[in-house]
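*Asks:* There's a structure below that I have some questions on.
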Amino acid sequence: MFILTQHRAEIVDTSKCFGICIVDDTTVIRAYCNDTSNWIMLGFYKTRERAKDVIQEINTALCENRISFDMPED
-9 MFILTQHRAE IVDTSKCFGI CIVDDTTVIR AYCNDTSNWI MLGFYKTRER
41 AKDVIQEINT ALCENRISFD MPED
């Protein structure tokens, strides 16, 4: 289990999600659950580059076998 703590939101258990991505051409990061119509907004950032950096930070946390990650604020 990998837990993401959201700013101004809730805790997301990513074992119930199948993907975390940046939405289209925006700066919003979402976690998609069992189907693509069921999603949770994890954060929004000032630039697309910052959103990409946050995704990379999540990937690093997963590679380091951390059990949680606090979504950064922008």
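Per our numbering, residue -9 is the first one in the sequence shown, and the count goes up by one each step. Using N, Cα and C, we set each Cβ at its ideal position, and we do this for glycine too.
Note the first and the last residue of the continuous alpha helix (DSSP H) segment covering Asp43.
*Replies:* Arg38 to Cys53
*Asks:* Quick check on DSSP: helix, strand or coil for Ser77?
*Replies:* Because the chain here runs from -9 to 64, residue 77 falls outside it and cannot be looked at.
*Asks:* Apply the 10 Å Cβ neighbour rule to Phe59 and answer buried if 16 or more other Cβ atoms are within range, or exposed otherwise.
*Replies:* buried
*Asks:* Gly33 and Ile45 look like a contact to me (Cβ under 8 Å); what is the Cβ gap, rounded to whole Å?
*Replies:* Their Cβ separation, rounded to whole angstroms, is 10 Å, which puts Gly33 and Ile45 out of contact at 8 Å.
*Asks:* Within 8 Å (strictly less), CB to CB, does Ile(-7) reach chain B?
*Replies:* The structure shown contains no chain B, having only a single protein chain.
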